[in-house]
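Chains as they are written, first to last, in this note's numbering: chain A, 1310 to 1770; chain B, 76 to 509. Think of the CB as a built atom: it goes at the ideal place given N, C-alpha and C, for glycine as much as any other residue. In what follows, a single structure is set out as structure tokens and then discussed.
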Amino acid sequence: MLRKIRRLLIPLLGLWLAACGQTQETTLANGLRVIVKEDHRSPVVVSQIWYRVGSQDEPERSTGISHVLEHMMFKGTAQHGPNEFSRIIAENGGRENAFTSYDYTAYFQQLEKSRLPISFELEADRMQNLTLADEEFRREIRVVMEERRWRTDDQPEAVVQEKFMTTAYQAHPYRHPVIGWMTDLEAMTSKQLRDWYGRWYTPSNAILVVVGDVAPKEVIEQAKKYFGPVPARPVERPKEVVEPEQKSERRVRVAVPAEVPYVLMGYHVPVHTSVGHGSNVADWEPYALSVLTGILDGGQAARFERELVRDKKLAAAVDIDYSAVARSPGMLMIDATPANGHNVAELEQAIRAQIERIKREPVTDEELKRVKAQVVASNVFSRDSVFYQAMQIGRLAAVGLDWRMLDDYADKLKAVTAEQVQTVARKYLVDTNLTVAVLDPLPMAKGQRRMPRPQGGGDVR
Amino acid sequence: MFGKSLAFLGLLFMSVAASAGPKIHHWTLENGARVYFVETHELPMLQIRAVFDAGSSRDPVGKSGLARLTSSMLDEGAGNLSADDIAGQFEGLGAEFGAGADRDMATVDLRSLSDAALLDPALDLYAKILTAPSFPAASLERQRQQVLVALQKDMQSPGAVADKTFYRELYGDHPYAHDPLGDVAGVKAITREDLLTHYRSYYVGANAWLVIVGDASKRQARKIAERTVGQLPAGRAALPIPLVRMLYSPLQKQVAFPATQTHIMLGQTGMRRGDPDYFPLYVGNYILGGGGLVSRLSTEVREKQGLSYSVYSYFLPLRKAGPMIVGLQTKNAQRDQALKLVRKVISDFVATGPTEDELNAAKKHITGGFPLRLDSNAKIAENLAVIAFYDLPLTYLDDFIPSVEAVTVEQIRKAFRQRVHPNQMVTVVVGAGR
């Protein structure tokens, strides 16, 4: 993915000037939520359906099942044979795909606007009539194992990221990779998938998001026509596992054949869903954490690039990742590659010193102004992509947040003070809340084949 | 990002397109730079891309990586401004700056809000970077080290190893053979003088194109062009790069690599931009391996056999003949089986061509999805840059759908038979063997 862009967008996730009245929401009688946003710049439409099931809902020994089901969703219903979904969308000029994360599974089509009903008809069909044939499953599970090898097993940094998550989380299922452990994939059956599908794929567990050159009223009528007849079925969601307080620093070393050392550090932090229900997390804290990531890593002028890369020349690369939009409390993660002539220990110390400085000294007005200017601009830039606008709405809704928070998201970020940044740093970026994973490169002897068993994370598609 | 299918590989090839495309204003500056402007006022933003014939195919022998390093050094200093000044000013305005180089082009991008109070200073800074980069020696050393680390990282990626090996074997001593990032010896040998020479030779009006898309009037766009790229000396257009020689015998290269999967790439030289067979090859490739999950390769290798997560083919048309590439990854034990199957799918397609049904489905996809190629300022700018740099007609986007509709089964069959030679391909296999 494009690193540079990602870095700018992270602190600003979920931002844009959602002009009120442009977005409409309704809920069908069977519980399906429908959200429609108008964007009339081009005669196109994106349709996304988000199911509120992801890897965090998976029991032990069934890891990866949400993602395998995502693959199987293309394998046919009573009415449409295997891959016919893709063929029909393709013949209508559409682009389609799907992705699975810790918190949700989503499917999308991008189409010329008049073809929207085609997508609705097909999605409504596979919401209720999936075949899940044994033979198709046996082939597709092999494709998923190839995906795991490609995405994780043969990528040293992905192996470290997987190991990091199992270390930072001891109880919460975020400790399992979205793509699943290879042993679980090997043991998976089509019976398990049928149960998983029956349990989670119902209208009341789904959100339909449509953005484009459409009239909301018509879209809602079409949604009623195609999704309305899908029978309602309640979803029972077990009580969420709460990760116990960490209380001591954790470290893990991963030794795999690799060329370049790498370190990944992370602190448990709250997200927007952590606010309320009697928690001690203030509404502004996730915003302050987003601003903090912008101060450290919001571009070439931010502290990491300026000081660790350009001035001290300790890092060849250093990035922060924090997403305030998640169903369960998340991680503020920093990953880095040392510059030639330096090692991960020095780099880790320098990063920790940066964190200490944030706690010790208030960030400057100039830095705050810079982050806020980026927020304002990014707000406009993000509206250039119809697809991204739908992503923003869908992610919020899928993790249980109100998409209307986009309306004042920019204002809330702009309201963050230097003091608040310092407060969240002191509260969360502490050593007893820190996990550090280090890649120890083993020699990559030619022809030698020794990749230990797996590890990975993030969205898997 | 793309889970079910690597659809973006198709997009690489398709990146130029459009139907009733946007209205393109085109003019030439005094220094020879050609300007392409599309006016869109829906969003208060402006996107600018300067393009130079200054890609890695211009790297001197022994200095591979020079074009890329030059572009990444542009914002390290300009006039009396330091890297910190430049970054601080751009980001304080909310503007985004970026520069890069592939095999053909070097690009310098700016995205800014169109509010004059923000746009004006951003344009001043952008102009300064284009016209007066200072290439500080200390920055060069640091950037050099960063590239060396990136090169080292590539060595732990089987995909990157396969890609570099493929281009090297396919292109031999042609400048397309080396990776734009460069190689260790080349990057170590590059001097500040080399950067200056590269910059002075190629970042000139006669070698420049400028794309402007967004919230500006034509008059404003004229001024923007003049105060940025218009300030460069006229210079001279770069000389043509050498023709690509076809390979007439197959070549197989195996690289041992500690991984669970084997990465396979096979292919040959394909076509240049503007090639008369462009549309038959493009539409034909959609059927063979460009069409995500519905292509022949994906159907046979992934859907029917479960051998690979991603399997694809594409032509990458460049100034001279770019490659045609077929790629996949599979667990080591399935390597021979997968390779055999892929070869069979290619040979069958070349031997018999597509069916009428396949062609109809392909046309429906390509024409029906045409609006998706132009649904943002960013995509319009990318398309314009390709039209500009490769000197495609201004009506290219308008002609696109009729050109696709006109393709026949016979044209595809003929073009593939004449141009694609399954028995003369380069095959690169990176993995642990058995």
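Close beta carbons around residue i, own chain, < 7 Å, minus the five adjacent residues each side
i, result
"Arg-1612/A", "Ile-1604, Leu-1605, Gln-1663"
"Lys-138/B", "Gly-261, Ala-264, Ile-265, Asp-269"
"Leu-1656/A", "Val-1572, Leu-1623, Ala-1624, Ala-1645, Pro-1647"
"Ala-463/B", "Arg-109, Tyr-111, Val-126, Trp-284, Val-286"
When the options are compared against residue i, the one with the closest alpha-carbon
i, options, result
"Gln-380/B", "Asn-360/B, Gln-412/B, Gly-397/B", "Gln-412/B"
"Leu-368/B", "Gly-345/B, Tyr-353/B, Tyr-387/B, Ala-300/B", "Tyr-387/B"
"Asp-179/B", "Asp-128/B, Ala-213/B, Tyr-201/B, Asp-190/B", "Asp-128/B"
"Ser-1351/A", "Val-1468/A, Glu-1421/A, Val-1565/A, Gly-1575/A", "Glu-1421/A"
"Ala-192/B", "Asp-229/B, Phe-165/B, Thr-344/B, Asn-407/B", "Phe-165/B"
"Asn-1438/A", "Glu-1545/A, Ile-1398/A, Tyr-1506/A", "Tyr-1506/A"
"Leu-318/B", "Tyr-246/B, Val-358/B, Ser-451/B", "Tyr-246/B"
"Ser-146/B", "Gln-227/B, Ala-235/B, Leu-271/B", "Leu-271/B"
"Glu-1527/A", "Pro-1426/A, Tyr-1576/A, Val-1590/A", "Pro-1426/A"
"Val-1708/A", "Tyr-1631/A, Ala-1727/A, Tyr-1360/A", "Tyr-1360/A"
"Arg-392/B", "Gln-343/B, Val-259/B, Ala-197/B, Gly-506/B", "Going by the sequence as given, residue 392/B is Pro instead of Arg. Here the closest residue by C-alpha is Gln-343/B."
"Lys-439/B", "Thr-470/B, Val-479/B, Ile-400/B", "Val-479/B"
"Leu-1464/A", "Leu-141/B, Pro-325/B, Pro-333/B, Thr-240/B", "This sequence places Gln at residue 1464/A; Leu is not what is there. Measuring from the Cα of Gln-1464/A, the nearest candidate turns out to be Pro-333/B."
"His-273/B", "Glu-485/B, Arg-311/B, Leu-156/B", "Arg-311/B"
"Glu-1334/A", "Asp-1711/A, Leu-1751/A, Asp-1630/A", "Asp-1711/A"
Residue burial classification, residue i (beta-carbon count within 10 angstroms, cutoff 16)
i, result
"Thr-1372/A", "buried"
"Glu-1512/A", "Checking the sequence shown, residue 1512/A turns out to be Pro, not Glu. It is buried - the Cβ of Pro-1512/A has at least 16 other Cβ atoms within 10 Å."
"His-253/B", "buried"
"Gln-1658/A", "exposed"
"Tyr-323/B", "exposed"
"Lys-1556/A", "exposed"
"Met-340/B", "buried"
"Arg-1762/A", "With a pLDDT of 33 at Arg-1762/A, under the threshold of 50, the predicted position of this residue should be treated as unreliable, though the coordinate-derived value follows. Result: exposed."
"Ala-158/B", "buried"
"Leu-1617/A", "buried"
"Val-504/B", "buried"
"Leu-1322/A", "With a pLDDT of only 36 at Leu-1322/A, under the threshold of 50, the placement of this residue in the model should not be trusted; the figure read from the coordinates follows. Its Cβ being crowded by 16 or more others within 10 Å, Leu-1322/A is buried."
"Gln-1701/A", "buried"
"Ala-212/B", "exposed"
"Trp-102/B", "exposed"
Where residue i meets chain B, residues with beta-carbon distance less than 8 Å
i, result
"Asn-1392/A", "Leu-368, Val-369, Thr-374, Glu-378"
Test: residue i CB closer than 9 Å to a CB of chain D
i, result
"Leu-270/B", "Of the protein chains in the structure, A and B, none is chain D."
Own chain residues within Cβ distance below 6 Å of residue i, not counting five before or after
i, result
"Asp-177/B", "Gly-130, Pro-255"
"Gln-1357/A", "Ala-1415, Phe-1417, Val-1518, Ala-1699, Gly-1703"
"Thr-1332/A", "Lys-1346"
"Ala-437/B", "Val-358, Tyr-361, Ile-362"
"Ala-174/B", "Ser-146, Leu-149, Val-183"
"Lys-1384/A", "Pro-1391, Glu-1445"
"Ala-170/B", "Ser-187, Ala-197"
"Glu-1554/A", "none"
Contacts that residue i makes with chain A (C-beta to C-beta distance below 7 Å)
i, result
"Arg-410/B", "Correct list: empty, because the minimum Cβ distance to chain A is about 12 Å."
"Arg-186/B", "Phe-1690"
"His-116/B", "Per Cβ cutoff of 7 Å: no residues; His-116/B is ~10 Å from chain A at best."
Per-residue contacts from residue i into chain B (C-beta, under 7 Å)
i, result
"Val-1353/A", "Pro-446, Leu-447, Asp-450"
"Ser-1694/A", "Ser-451"
Contacts around residue i, its chain only, beta-carbon distance under 8 Å, and the 5 residues preceding and following it disregarded
i, result
"Gln-1501/A", "Ser-1371, Ile-1374"
"Pro-97/B", "Val-113, Thr-115, Leu-449, Ile-455, Leu-472"
"Ser-383/B", "Val-376, Arg-377, Leu-403, Gln-404, Thr-405, Ala-413"
"Val-484/B", "Gly-428, Pro-429, Thr-430, Glu-431, Leu-434"
"Ala-1734/A", "Leu-1601, Ile-1664, Ile-1667, Lys-1668"
Under 9 Å by beta carbon: chain B residues contacting residue i
i, result
"Gln-1609/A", "Asp-150, Ala-158, Asp-159, Ile-161, Ala-162, Gly-163, Phe-165, Glu-166, Phe-172"
"Met-1753/A", "Met-230, Gln-231, Phe-332, Pro-333"
"Arg-1615/A", "Ala-158, Asp-159, Ala-162, Gly-163"
Neighbouring residues, chain A, relative to residue i (Cβ below 8 Å)
i, result
"Leu-223/B", "Asn-1649"
"Thr-145/B", "Residues of chain A passing the Cβ test: none, with the nearest at roughly 17 Å."
"Ala-436/B", "Arg-1396, Ala-1399, Glu-1400"
"His-249/B", "Within 8 Å Cβ-Cβ: nothing; His-249/B doesn't reach chain A, min ~28 Å."
Neighbouring residues, chain A, relative to residue i (Cβ below 9 Å)
i, result
"Lys-517/B", "Residue 517/B is absent from the structure shown; chain B starts at 76 and stops at 509."
Task: Unbroken stretches of the alpha helix (DSSP H), 4 residues or longer, contained in the segment 1580-1659 of chain A - done: 1594-1606
Open item on the list: Runs of 3 residues minimum, wholly inside the segment 249-289 of chain B: which ones carry the beta strand (DSSP E) assignment?
Closed with: DSSP runs (the beta strand (DSSP E)) wholly in the segment 249-289 of chain B: 283-289.
Task: Unbroken stretches of the beta strand (DSSP E), 3 residues or longer, contained in the segment 1508-1580 of chain A - done: 1515-1521, 1559-1566, 1571-1578
TODO: Would you list, in sequence order, the uninterrupted alpha helix (DSSP H) runs of no fewer than 4 residues that lie entirely inside the segment 1362-1395 of chain A?
DONE: 1374-1381
Open item on the list: Restricting to runs no shorter than 4 residues, where is the alpha helix (DSSP H) found entirely within the segment 406-436 of chain B?
Closed with: The qualifying runs are 410-427.
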